[in-house]
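> One structure, pasted below without further comment.
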Amino acid sequence: MQLALEQAELALSHADVPVGAVVVAADGRVLARDHNRREERGDPTAHAELLAIREAARGERHWRLSGATLYVTLEPCPMCAGALVNARIARLVFGASDPKAGAVVSLFQLGADQRLNHRFEVVGGVLAEQAAQKLRAFFGELRRQARG
């Protein structure tokens, strides 16, 4: 999770929401890491989780990331939780919960939905305060700038 927090910090350099993600293979190898790049790329799908999953799949030369764990600083949204299902990620470890968009514990429980063809283990709250602090500082600064 510490690597994911370091990635989250990098998002600030291009005014993106500070979210970082790391994909780790079952044997402990780091397969990929990235951070939000929506502002940088002008791409609404450039979430940290999707970028890291894509890179891990490229490196493994297969879309199935069976046995892998995704570490991310913020609870995934529905799009990202769906990508975890589709990539066959075995385990998700996240930091801060997202009561407005979280799709694994807060609003939905996509990782445990029996109607889907894959489920994944979910561990939340890991280094949650550090992750939440980055987000609070980022959005606090945006509000200050908006007030002028």
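Mind the numbering: the sequence shown is residues 0 to 147 in the working numbering, read in order. Note that beta-carbon positions come from the ideal geometry of N, C-alpha and C, so glycine has one too. Computed from a predicted model, the values in this text were never measured in an experiment.
#1: Apart from the five residues on each side of it in sequence, which residues of its chain come closer than 6 Å, Cβ to Cβ, to Val84?
#2: I'd like to check one pair, Phe119 with Gln141: are the Cβ atoms closer than 8 Å?
#3: Does the contact criterion of 3 or more C-beta pairs under 8 Å hold for the region 2-12 versus the region 101-109?
#4: What are the partner residues of His34, as DSSP defines its beta bridges?
#5: DSSP three-state call for Val84: helix, strand or coil?
#6: Hey, out of Ala145, Phe137 and Gln144, whose CA is closest to Glu8's CA?
#7: Counting C-beta neighbours from all protein chains within 10 Å, is the total for Gly94 16 or more, i.e. buried, or is it exposed?
#8: Taking Leu69 as the reference, which of Gly139, Arg143 and Met0 has the closest Cα?
#9: Quick test of your reading: Arg57 and Ala45, contact by CB under 8 Å. State the CB separation rounded to the nearest angstrom.
#10: Leaving out five residues on either side along the sequence, give the residues of the same chain with a beta carbon under 6 Å from the beta carbon of Ile88.
#11: Could you work out which residue in Gly139, Ala145 and Ala130 is closest to Val18 when comparing CA atoms only?
#12: Under DSSP, the beta strand (DSSP E) around Ala95 begins and ends at which residues?
#13: On the premise that Gly123 lies in contact with Glu48, defined as a C-beta separation below 8 Å, what is that separation, rounded to the nearest angstrom?
#14: When you compare only the Cα positions, how much space is there between Ala24 and Cys76?
Let me lay it out:
#1: Leu115 and His117
#2: At residue 141 the sequence reads Leu, which differs from the Gln that was named. Against a cut-off of 8 Å, the Cβ pair of Phe119 and Leu141 comes out as no contact.
#3: no
#4: Gly19
#5: helix
#6: Phe137
#7: buried
#8: Met0
#9: Going by Cβ atoms, the distance from Arg57 to Ala45 rounds to 15 Å, so no, they are not a contact pair.
#10: Leu64, Ala67, Leu69 and Phe119
#11: Ala130
#12: Arg90 to Ala95
#13: Glu48 to Gly123, Cβ: 14 Å. No contact.
#14: 22 Å
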